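A short write-up of the structure that comes next.
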Amino acid sequence: MNSEHIRNLFAPAVKLLSRVVICAFLFTPASPLLADSAQLPLGEERVKLDIGAFIIDVGTGASLTFSEADGGQEIDFEDDLGLTSSKSVFRVDGYWRFAPRHRLNLAYYAFNRSADTRLETEIRWEDLVLPIGSDVTTEVKWELIPVSYAYSFYKNRKWEIAGSVGIHWMNMSATIRSETSIGDSIVITKREESATSGPLPVLGIHVDYQPARKWLVGGKVQYFDTHYEEYDGAVFDAGIYAEYLVDRNWSVGVGYNYFYIHVDVDEDDWDGNLEYEYSGIQVYGSYRF
């Protein structure tokens with residue numbers, strides 16, 4: 009993953025969000041609401057909660073590789089096992105500002121994908137060997153809970169820029185199952201599951217900007233080259249957003265989030281390599297006070 013790859017991923021989202029903000033700003037009619045002197049200033053809210061949908065596109069970036077002792081094969085979830093690349097899930101983000109320049113950030117989302125397919129290539133999954141032509145059922149579960157502390161080192165009426173340190177708590181499991189019928193009464197079931205979970209440390213920067221009374225835009229970048237206990241790899245999490253402030257407490261927003269993880273795992277339930285890459289659009293409502 010290089011800088012050109014990241015720019016190519018974010019370019020369409022940046023264009024879309026900028027057009028939404030500019031058009032809405034130009035064509036929103038003047039009203040008493042726009043002159044609401046009770047509008048919460050940027051950075052003065054104590055609590056902010058975003059709830060909405062996350063429309064995910066996994067693309068081609070989801071695979072696992074087992075160690076040589078377990079076959080050493082790289083398995084692509086979409087190409088080899090037929091999992092769909094798109095998914096819409098519930099997502100919640102928020103923070104608690106416990107002091108003017110200090111806040112705790114928390115988010116949660118999870119998505120499960122499953123598929124039934126007939127193998128076009130042999131699969132060696134730990135102790136399980138499935139030949140070409142096997143009918144298999146695969147389920148992949150992914151859960152992410154980002155938690156971080158942020159300090160705003162630059163803050164005024166229009167800008168807030170903060171540095172952060174935290175963890176991304178990850179839970180993932182992948183299961184494959186194949187059933188073979190012999191005669192009318194005998195069914196042979198083959199099943200294997202791999203799972204991993206744990207905290208992945210990240211450092212980040214968060215930027216919020218209020219270009220007009222009713223608009224907020226911003227973004228974040230979080231990254232770390234992880235060497236933690238049984239994990240060895242890299243994590244990259246970035247996003248941008250635009251919000252329209254409906255009144256003092258409520259707003260609606262749209263955003264774009266990109267996530268990438270490439271980590272070597274050395275556990276009893278999973279000895280090998282995990283790569284996961286996905287991006288998506290967020291549409292949400294926000295409440296602050």
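Each residue of the sequence shown is one higher than the one before, starting from 9 at the first, in my numbering.
Don't be surprised by glycine CBs; every beta carbon is placed ideally from N, CA and C.
All values derive from a computational prediction rather than experimental measurement.
Residue i, enclosing beta strand (DSSP E) - first and last residue
i, result
"Ile269", "258-274"
"Pro154", "143-163"
"Phe62", "55-65"
"Val254", "Element bounds for Val254: n/a, residue is neither H nor E."
"Asp135", "That residue, Asp135, is in no beta strand (DSSP E); it is neither H nor E in DSSP."
"Glu82", "82-84"
Same chain only: Cβ atoms within 8 Å of residue i, ignoring 5 sequence neighbours per side
i, result
"Tyr103", "Val55, Lys56, Arg111, Leu112, Asn113, Leu114, Ala158"
"Ser96", "Ala61, Phe62, Ile63, Ile64"
Neighbourhood of residue i by C-beta, 7 Å cutoff - its chain only, sequence neighbours within 5 removed
i, result
"Gly288", "Phe62, Ile63, Ile64, Asp65, Asn265"
"Ser39", "In this predicted model, Ser39 has a pLDDT of only 41, less than 50, meaning its place in the structure is not dependable; the value taken from the coordinates is given anyway. Around Ser39: no qualifying Cβ."
"Lys149", "Asn120, Met180, Ser181"
"Phe297", "Glu53, Arg54, Val55, Asn257"
"Ser93", "Asp65, Val66, Gly67, Glu86"
"Glu91", "The residue asked about is misnamed: residue 91 is Leu in this sequence, not Glu. Cβ within range, chain order: Phe85, Arg121, Ala123, Thr146, Val148."
"Gly141", "Arg126, Leu127"
Cβ shell of residue i (< 6 Å), same chain only, five flanking positions each side left out
i, result
"Asp124", "Thr145"
"Leu224", "Gln218, Glu251"
"Ile269", "Val243, Tyr284"
"Asp143", "Arg126"
"Ser160", "Arg109, Glu168, Ala170"
Option in the options with minimal Cα separation from residue i
i, options, result
"Ser186", "Ala170, Ala107, Glu128, Leu136", "Leu136"
"Glu130", "Ile83, Val262, Ser122", "Ile83"
"Phe106", "Thr197, Gly51, Ser294", "Gly51"
"Leu138", "Thr197, Ser259, Tyr292", "Thr197"
"Val100", "Asp240, Glu200, Tyr286, Val155", "Val155"
"Lys163", "His214, Glu200, Ile184", "His214"
"Pro49", "Glu200, Gln290, Val260, Ala220", "Ala220"
"Tyr116", "Ile153, Phe232, Asp233", "Ile153"
"Trp133", "Arg165, Phe98, Gly247, Phe85", "Phe85"
"Ala118", "Asp88, Lys166, Gly141, Met178", "Met178"
"Val173", "Phe232, Glu128, Ser202, Lys166", "Phe232"
"Glu128", "Leu89, Asp58, Tyr295, Lys166", "Leu89"
Cβ-Cβ separation, residue j to residue i (assumed contact under 8 Å), whole Å
i, j, result
"Gln230", "Asp245", "4 Å"
"Thr204", "Leu282", "7 Å"
"Gly241", "Val271", "3 Å"
"Thr183", "Glu147", "5 Å"
"Tyr249", "Gly212", "Not a contact, Cβ separation roughly 15 Å."
"Leu208", "His176", "5 Å"
"Gly293", "Val260", "6 Å"
"Gly247", "Lys228", "6 Å"
The ligand SAH heavy atom lying under 7 Å from the CB of residue i
i, result
"Ala118", "Of the ligands one can find in the structure shown there are none, so the ligand SAH has no counterpart to examine."
- Message: At 3 residues or longer, what runs of the beta strand (DSSP E) sit wholly inside the segment 89-132?
- Response: Those beta strand (DSSP E) runs which fall completely within the segment 89-132 and span 3+ residues are 94-107, 110-126.
- With a floor of 3 residues, list each beta strand (DSSP E) that falls wholly inside the segment 195-252, ordered by position along the chain. Segments of the beta strand (DSSP E) lying fully in the segment 195-252: 223-236.
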